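Encoded as structure tokens, the structure appears first; notes follow it.
Number of protein chains: 2
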Amino acid sequence: MKARVTVMLKNGVLDVQGEAVRHALGTLGFAGVNGVRQGKVIELDLAETDTAAAEATVKAMCEKLLANTVIESYRIELL
Amino acid sequence: MKARVTVMLKNGVLDVQGEAVRHALGTLGFAGVNGVRQGKVIELDLAETDTAAAEATVKAMCEKLLANTVIESYRIELL
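Protein sequences appear in the order of chains A and B. FYI, in this note's numbering the residues of the first sequence are 21 to 99. FYI, in this note's numbering the residues of the second sequence are 21 to 99.
See below:
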């Protein structure tokens with residue numbers, strides 16, 4: 021079973037990468053970009069086949085390693 | 021209009037970040053992880069309201085800045 025975890029900085033946390041991308045897009049001539057947020061996506065290939073068990077495992081992975089829950093939020097999708 | 025761009029390393033390109041995550045998950049006791057790929061996600065808040073025009077603009081952004089198309093593939097979602 022495959023899972024996709026998307027980790028983004030929480031709203032209110034300064035996203036310097038996103039700001040850098042926004043600035044670079046402006047420099048390249050792309051107008052009308054009101055905001056950019058950059059995060060990371062982690063695709064996991066799991067041996068687990070049960071959806072509920074896989075979701076619980078991935079949630080534990082997020083809490084322990086994949087996301088810094090003080091400043092980041094995460095979203096889990098099972099594919 | 022909002023757009024989400026997901027940039028992943030192409031298959032066959034060594035993903036050192038993904039390998040590091042896989043190793044760390046193993047160290048933390050998570051078994052049954054067959055593979056991990058890590059990429060980036062960029063959420064854009066665009067002034068453009070026309071879907072086709074927005075998609076064309078975001079595609080140009082990807083080709084010019086957001087992805088290194090030699091080693092990375094990208095996927096665009098309009099939200």
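All C-beta atoms in this analysis are idealised placements derived from N, C-alpha and C, irrespective of residue type, glycine included. The structure displayed is predicted, hence computed values, not measured ones.
Is it true that the CB of residue j sits closer than 8 Å to the CB of residue i?
i: B/V56; j: B/G38; result: yes
i: A/L98; j: A/A67; result: no
i: B/K22; j: B/E83; result: no
i: A/V27; j: A/G59; result: yes
i: A/D35; j: B/N54; result: no
i: A/I96; j: A/V25; result: yes
Where residue i and residue j are concerned, what is the direct C-alpha to C-alpha distance, given to the nearest angstrom?
i: B/V41; j: B/K30; result: 18 Å
i: A/T71; j: A/Y94; result: 18 Å
i: B/T52; j: A/L85; result: For the sequence presented, residue 52 of chain B should be read as Gly rather than Thr. The straight-line gap from Cα to Cα measures roughly 16 Å.
i: A/H43; j: B/L48; result: 39 Å
i: B/T69; j: A/T89; result: 33 Å
i: A/T80; j: B/G46; result: This sequence places Ala at residue 80 of chain A; Thr is not what is there. Distance between the alpha carbons of A/A80 and B/G46 is about 13 Å.
i: B/A76; j: B/F50; result: 41 Å
What's the call for residue i, buried or exposed, on a 16-neighbour Cβ count within 10 Å?
i: A/V78; result: buried
i: B/A87; result: buried
*If contact means a Cβ-Cβ distance below 8 Å, which residues of the segment 57-79 of chain A contact chain B?*
R57, Q58, G59, K60, V61, I62, E63, L64, D65, L66, A67, E68 and T77
*Can you give me, in chain order, the residues of the segment 25-47 of chain A that have a beta carbon less than 7 Å from any beta carbon in chain B?*
T26, V41, A44 and L45
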